[in-house]
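*Asks:*
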Amino acid sequence: MFNLNSPEIKFALRATRQASLLVRQVEAELVSPALTKDDRSPVTVADFASQALIGYLLEKTFPADPLVAEEDAAVLRQTTAAPILELVTEFVSRFIPQADSTAVCKWIDYGQADGGTEHRLTPRFWTLDPIDGTKGFLRGDQYVVALALIEQGQVQVGALGCPGLSDGYRPELDGQGSLVIAVRGQGTWTTSLAAPENYDRLHVSARSDPIQARLLRSFESGHTNVSQIDRFARALGVQAEPVLMDSQAKYAVLAAGKGDLLLRLLSASKPDYREKIWDQAAGSLVLEEAGGCITDLYGRPLDFTTGRSFTHNRGILASNGSLHPAALQALRAIGA
Ligand code: AMP
Ligand code: MG
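Take 4 as the starting number for the sequence shown in the working numbering and just add one per residue.
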């Protein structure tokens, strides 16, 4: 079992669980794209509320720790966004009774740390995607709350709140979501989001024959390169069609041995896209501590020391470990 008394682990579990429960309340009461950011991705009341809640908890628990998180409150402070800010504040105040709109914006902006640069290492920080897979959330599909602790460029703790994934161990709680936690050197564990009492250890699959491999990819075709994934699958000999799923829930599925390979190829319309650290940090440790392997498309380890985006990595290949060498070879063969 992992060390349940560690303050960092306790914080990661509490923060992702509370944020996931908050997001579920928003989901039940009002799912609609609230605002549009510059990159035109939908941002909902839930993204802001989740980040505000975790920003508040982090500032209270580890006041010296920076937070590198996806959202910022600039758009919420515009007068036209007042009704949205009011809604965000209403949901946050269910968990933090003293919340008001000024405090909510401040807690969201707690996440504006840069995580260091190539020339300036931030020794310790947290990274958060308050809702990874916002488009899945809006569609009623998979999404997660993803939080990770990074020390000296290494992910030490990764937590995924997965409201749409059952933990697979407690049928009586099916449909109530799961919480997945990985601690470096201590494994990956899952529990029920509704009743987080018993933890079960996760292990990747032992599948080594690519013919039977189950390949996961983004639901959104714009986040990857669908025709190249098809070529990859042919080169490797994978027979089944890829499974489409939003968010780092894919890593939880791989860690549980219910999938074998995951690809993030570069979209033809955004060849210079760089992955964000909050989209990979928690999921990468969840996979590795379950026995899996994650690299970029060239087999390089993910470098978490370059700030908010990975500037030294391109794309992602994740696997159960056994299939990694053959998958890298297939990527080279198709020139990805
Ligand atoms: P997924 O649900 O696996 O498609 O991943 C969702 C994440 O993809 C979002 O949180 C975005 O940060 C990220 N994303 C947005 N645009 C792109 C893109 N063009 N290529 C790859 N990832 C992207
Ligand atoms: Mg994301």
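Positions of the beta carbon are idealized from the N, C-alpha and C atoms, including for glycine. Quick caveat: nothing in here was measured; it's all calculated off a predicted structure.
If we ignore side chains and look at the alpha-carbon of each, how far apart do Thr120 and Arg187 end up?
*Replies:* Their Cα atoms are separated by approximately 24 Å.
*Asks:* Go to Glu291, then tell me how far its alpha helix (DSSP H) extends in each direction, as first and last residue.
*Replies:* Start and end: Ala284 to Glu291.
*Asks:* Could you give the distance in angstroms between the alpha-carbon of Arg17 and the alpha-carbon of Leu60?
*Replies:* Cα to Cα, the separation comes out at about 9 Å.
*Asks:* If I measure Cβ to Cβ from Ala149 and keep anything under 6 Å in the same chain, skipping five residues before and after, which residues do I get?
*Replies:* Cβ neighbours of Ala149 beyond the five flanking positions: Asp132, Asp135, Leu163, Gln251 and Ala285.
*Asks:* In the DSSP output, what is Ile297 paired with across the bridge?
*Replies:* Partner(s): Ala321.
*Asks:* Can the beta-carbon of Pro69 be found less than 8 Å from the beta-carbon of Thr19?
*Replies:* Contact: no.
*Asks:* Exposed or buried, Tyr254, counting other C-beta atoms within 10 Å across all chains shown (16 or more means buried)?
*Replies:* Buried: at least 16 other Cβ atoms inside 10 Å.
*Asks:* Looking at the unbroken beta strand (DSSP E) that takes in Phe128, where does it start and where does it end?
*Replies:* Element bounds for Phe128: Arg127 to Asp135.
*Asks:* Can you give, in chain order, each stretch of the beta strand (DSSP E) that sits fully within the segment 83-158 and has at least 3 residues?
*Replies:* For the segment 83-158, whole beta strand (DSSP E) runs of length 3 or above, ordered along the chain, are 127-135 and 147-154.
*Asks:* Asp132: beta carbon under 7 Å from a heavy atom of the ligand MG?
*Replies:* Flag set: Cβ of Asp132 near the ligand MG.
*Asks:* Give me the residue from Lys13, Trp281 and Lys273 with the minimum Cα distance to Ala151.
*Replies:* When only C-alpha atoms are compared, the closest one is Trp281.
*Asks:* Can you list, in chain order, the stretches of the beta strand (DSSP E) that have 3 or more residues and sit fully within the segment 207-256?
*Replies:* Runs of the beta strand (DSSP E) inside the segment 207-256: 218-220.
*Asks:* Taking Leu288 as the reference, give the member of Val246, Ala185 and Val207 with the closest Cα.
*Replies:* Comparing Cα-Cα distances from Leu288 to each of Val246, Ala185 and Val207, the minimum goes to Ala185.
*Asks:* Is Ala77 near Ala238, with beta carbons less than 8 Å apart?
*Replies:* No, the pair does not count as a contact, with Cβ atoms beyond the cut-off.
*Asks:* Here's a check: name, in chain order, each residue in its chain whose Cβ is nearer than 7 Å to the Cβ of Ala339, leaving out the five neighbours to either side.
*Replies:* Closer than 7 Å at Cβ, skipping near neighbours: Gln231, Phe235, Leu268 and Leu300.
*Asks:* Using the C-alpha atoms, what's the distance from Glu292 back to Pro86?
*Replies:* Near 43 Å, if we compare the C-alpha coordinates of Glu292 and Pro86.
*Asks:* Could you tell me how far apart the beta carbons of Ala49 and Val71 are, in whole angstroms, since I believe they sit closer than 8 Å?
*Replies:* The Cβ separation is near 20 Å, so there is no contact.
*Asks:* Starting from Arg17 and walking both ways along the alpha helix (DSSP H), at which residues does that stretch end?
*Replies:* From DSSP, the alpha helix (DSSP H) with Arg17 extends over Pro10 to Glu32.
*Asks:* Verify the contact flag: Ala282, CB atom, against every heavy atom of the ligand MG, threshold strictly below 7 Å.
*Replies:* The question names Ala, but residue 282 in the sequence shown is Asp. Answer for Asp282: yes, Cβ within range of the ligand MG.
*Asks:* Rounded to whole angstroms, what's the CA-CA distance from Pro199 to Gly294? Just pull it up for me.
*Replies:* Answer to the nearest angstrom: the Cα atoms are 23 Å apart.
*Asks:* Is DSSP giving Ala72 helix, strand or coil here?
*Replies:* It is a strand residue.
*Asks:* Does the contact criterion of 3 or more C-beta pairs under 8 Å hold for the segment 51-59 versus the segment 101-117?
*Replies:* The segment 51-59 vs the segment 101-117: in contact.
*Asks:* Thinking C-beta only, is Ser325 closer than 8 Å to Ala243?
*Replies:* No, the pair does not count as a contact, with Cβ atoms beyond the cut-off.
*Asks:* What is the DSSP secondary structure of Leu56, counted as helix, strand or coil?
*Replies:* Leu56: helix per DSSP, three-state reduction.
*Asks:* Thr308 by DSSP, collapsed to three states: which one?
*Replies:* Residue state, collapsed to three classes: coil.
*Asks:* For a quick check, are the C-beta atoms of Val46 and Glu74 less than 8 Å apart?
*Replies:* Contact flag set, yes.
*Asks:* Taking the alpha-carbon of Ser221 as reference, which of Arg204, Gln159, Leu320 and Gln28 has the nearest alpha-carbon?
*Replies:* Of the candidates Arg204, Gln159, Leu320 and Gln28, the one whose C-alpha sits nearest the C-alpha of Ser221 is Leu320.
*Asks:* Quick check: is any heavy atom of the ligand AMP less than 7 Å from the C-beta of Arg267?
*Replies:* Yes, the ligand AMP has a heavy atom inside 7 Å of this Cβ.
*Asks:* Would you say Glu223 touches the ligand AMP, meaning its beta carbon is less than 7 Å from a heavy atom?
*Replies:* For the ligand AMP, at least one heavy atom lies less than 7 Å from the Cβ of Glu223.
*Asks:* When the distance is taken between beta carbons, is Phe307 closer than 8 Å to Arg277?
*Replies:* No, these two residues do not count as a Cβ contact at 8 Å.
*Asks:* Using the Cα positions of Gln159 and Leu176, report the straight-line distance between them to the nearest angstrom.
*Replies:* The straight-line gap from Cα to Cα measures roughly 29 Å.
*Asks:* For Ile99, which residues in the same chain have their Cβ closer than 6 Å to its Cβ, ignoring the five residues on either side in sequence?
*Replies:* Taken in chain order, the residues that qualify are Tyr59.
*Asks:* Which of the three DSSP states is assigned to Lys63 in this structure?
*Replies:* Correct three-state label for Lys63: helix.
*Asks:* Do Leu219 and Pro245 have their C-beta atoms closer together than 8 Å?
*Replies:* Yes, they are a contact pair.
*Asks:* Does the Cβ of Asp135 lie closer than 7 Å to at least one heavy atom of the ligand AMP?
*Replies:* Correct: Asp135 has its Cβ closer than 7 Å to the ligand AMP.
*Asks:* Quick check: what's the CA-CA separation for Gln67 versus Thr92?
*Replies:* Per the sequence shown, the amino acid found at residue 67 is Ala instead of Gln. C-alpha separation (whole angstroms): 25 Å.
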